[in-house]
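A.B. asks:
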Amino acid sequence: MELTIRQVRPWGGRMCDVSVSDGHIRSVEPHDPDAHQSGEVVEGRGRLLLPSFSDVHVHLDSTRLGLPFRPHSAGPDFWDLVMNDRNNWRSAEWPVERRATHTLGLMIARGVTRARTYAWIDAECGLERFEGVAAAREAHSDRCDVQIVAFPQAGLLREDGVVPLIEEALRNGADVIGGIDPCLLDRDPVRHLDIVFGLAEKFQVPVDIHLHEPGELGVYSTDLILERTKACGMQGNVTIAHAYALGGVSEVTSRRLIEELAELDVSMTTRAPSVDTCLPLAELTSAGVRVGLGEDGQRDYWMPYGNADMLDRTWMLAFTNGYRQDELIEHCLAVATIGGAAVLDPTGIRLKGTADRPGLEVGDVAELIIVEGETVTSAVMDRSPDRTVLHAGRVVADGLEIL
Ligand SMILES: [Zn+2]
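Residue numbers for the sequence shown follow this note's numbering, beginning at 97 and rising by one.
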C-alpha cells in the first residue's frame, strides 16, 4: 500500500513530499505542488515530520489516567510507594486491562508507536497485572509495538514464590526480564543479579534493571551489572533505567562508567528526573551509549506526573537538563524518538551525537509523527495537539484521536 505525505519538513528542514510503502520511507523529494500522487495522501500542511516517539520506560499496569484524580497517599520511602500501589490497585475503578489499554491508546494518539512497559509480578498479584498489560498490547497491536518486561517490583528475594512467576510470564509472552535495586531492595545484589542474568540466558531475553540506588552504592551495582553483561555475552541486550548514581558521582567515576557502558553496549533509560539526578545525556550519546526516554508512572499510586504525552516528557528532559541551545533541545527529541528505538532494537539506527537527526531517510521504517511547529525546538516548547501519527507506514492517529 502506497501513501504520500505532502508538504512536510523533515526535522524542520526544507518542504518535502515523502512517499511510504510496505512500512518504509521510499522517497523524500522537494515539495512539488503540481505532482500527481497515487494512493492515499496525508496532508502535512507545512508541519514538521519527525520519527515517532519510543516510550521505553512506562508502567502501564499502574496508570490511573482516565480515572478520578486521587490525592497522593504514600509515605516518603521507596517501600511505602511499593505498598501504596499494592494496597490500592485492586480497588481502582477500572481493572488493569482497561486502564492499560486506555493509557496506551492515549500514548499512541500523542505520537508513541514503540514502547517498553513493565508488568509487576509478585506473590500478591501473580500474573494478573501482566495479563492486563498483555491484553492492552493485543488491543493496540496494529498501532504500536510493545515489549513487556516481567518486573519484580517488590524484589525477587524478599518474598517467596516470585521467581517461578517471573518464569511463567517469560513463557507466556513477556519479552524482557526485569530487575530492581539489587542492594537496597533485596539486600543481596549478587544473588539478585545472578537470578536475573540466569533467567535472561535461560529464556534468551534482554535484561532491564531499575537502579534508583544513589552514589557509590549505585556505582557498585552498576559494576556488578557490567561484570555480568560481559561474562554472559549480553552486550547490546542490557538496559539500566534511571541510574541516578551517574548524576551524582565524581567526574572521574562518571567518565569510567560511561566508557564501560559504551564498550559493553549497555543502554540507559531516563524519565527526566529532578536536576540533581538527571543523566549526563550529551556525554552518554557522544560516547555512543544508547539512551531512551520514558513516562515511567503516569498519574498513578507513585506520582501525579505523566499524561501519556512524550512530547511533554521531552520538554521535561530539556528543562531538567537546563538546555537552552536549539541543538541540545532537538537532541532531547532525537533521544525520545530514535534514541529509544535503539534501546528496543540494538540493531536499529543509533544516534551518533547531539547534532545527529536520523530516522527520516529513504529506506528507514515509517514510524512517524507529523506535528505543528515552526522549528523542532518550538514544537517541544509549544507541544501542539495538531499531530498525525503513522505506524508501519499507516496513519494510526490524528488530532490526538486513535483511528
Ligand atoms: Zn519505573
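All C-beta atoms, glycine included, are put in the ideal place defined by N, C-alpha and C.
1. Does the Cβ of residue 392 lie closer than 6 angstroms to at least one heavy atom of ligand 1?
2. Please check the pair residue 163 and residue 188, which I expect to be a contact at CB under 8 angstroms, by giving their CB distance rounded to whole angstroms.
3. Tell me the rounded alpha-carbon separation between residue 236 and residue 486.
4. In chain order, what residues of the same chain have a beta carbon less than 8 angstroms from the beta carbon of residue 340, not counting five sequence neighbours either side?
5. Determine the contact status of residue 480 and residue 468, defining contact as a CB-CB distance below 7 angstroms.
6. Assuming the contact rule is C-beta atoms closer than 8 angstroms, residue 406 and residue 206 should be a hit. Round their C-beta distance to whole Å, please.
7. Less than 7 angstroms between the C-beta atoms of residue 476 and residue 424, yes or no?
8. Kindly list the residues whose CB is nearer than 6 angstroms to the CB of residue 427, restricted to its own chain and excluding five residues on each side of it in sequence; keep chain order.
9. Only counting runs of 3 or more residues, tell me where the beta strand (DSSP E) segments fall wholly within the segment 236-312, in order along the chain.
10. Pull up the distance between the alpha-carbon of residue 367 and that of residue 243, whole angstroms please.
11. Can you name the start and end residues of the beta strand (DSSP E) that residue 388 belongs to?
12. Thinking C-beta only, is residue 98 closer than 7 angstroms to residue 123?
13. Where are the beta strand (DSSP E) runs, 3 residues long or more, that stay fully inside the segment 170-241, in chain order?
14. With DSSP as the reference, label residue 155 as helix, strand or coil.
15. Just verifying my parser: in three-state terms, what is the DSSP assignment at residue 122?
16. Does DSSP put residue 139 in a helix, in a strand, or in coil?
17. Would you call the CB atoms of residue 275 and residue 259 closer than 7 angstroms?
18. What residues match up with residue 483 in a beta bridge as DSSP calls it?
19. I'd like the ranges of any alpha helix (DSSP H) spanning at least 4 consecutive residues and lying wholly in the segment 324-387.
20. Applying the criterion that 16 or more other CB atoms from any shown protein chain within 10 Å of the CB defines a buried residue, is residue 173 buried or exposed?
21. Spatial neighbours of residue 64 within its chain, please: C-beta separation below 7 angstroms, excluding the five flanking residues on both sides.
22. Look up residue 144 in the DSSP assignment and give the residues it is bridged to.
23. Counting only the same chain and skipping the five closest in sequence on each side, list residues whose C-beta sits under 6 angstroms from that of residue 192.
24. Provide the residue(s) that pair with residue 413 in DSSP beta bridges, ordered along the chain.
25. How close, in whole Å, do the beta carbons of residue 295 and residue 266 come, if the pair is a contact with beta carbons under 8 angstroms?
26. Identify whether residue 84 lies in helix, strand or coil by the three-state DSSP scheme.
27. Run the CB neighbour count on residue 219, radius 10 Å, all protein chains shown included, and call it buried at 16 or more, exposed below.
28. Measure the alpha-carbon distance for residue 139 versus residue 208 and round it to whole angstroms.
29. Does residue 458 come out as helix, strand or coil in the three-state DSSP assignment?
30. Counting beta carbon pairs with one atom in the segment 143-154 and one in the segment 385-397, are three or more of them shorter than 8 angstroms?
31. Indicate whether residue 289 and residue 302 have their beta-carbon atoms separated by less than 7 angstroms.
32. In the DSSP assignment, what are the bridge partners of residue 490?
33. Span of the beta strand (DSSP E) holding residue 117?
34. So for residue 498, helix, strand or coil by DSSP?
35. Quick check on residue 408: does DSSP put it in helix, strand or coil?
C.D. replies: According to the structure data:
1. yes
2. 7 angstroms
3. 13 angstroms
4. 307, 308, 309, 310, 314, 369, 373
5. yes
6. 7 angstroms
7. no
8. 450
9. 241-247, 272-276, 303-307
10. 17 angstroms
11. 387-389
12. no
13. 208-216
14. coil
15. strand
16. strand
17. no
18. 467
19. 347-359, 377-382
20. exposed
21. The question about residue 64 has no answer, for the chain in this structure spans 97 to 499.
22. 105, 467
23. 157, 225, 228
24. For residue 413, which the question treats as bridged, DSSP gives no partner whatsoever.
25. 7 angstroms
26. A question about residue 84 goes unanswered here, because the residues of the chain that appear run from 97 up to 499.
27. exposed
28. 20 angstroms
29. coil
30. yes
31. no
32. 487
33. 112-117
34. strand
35. helix
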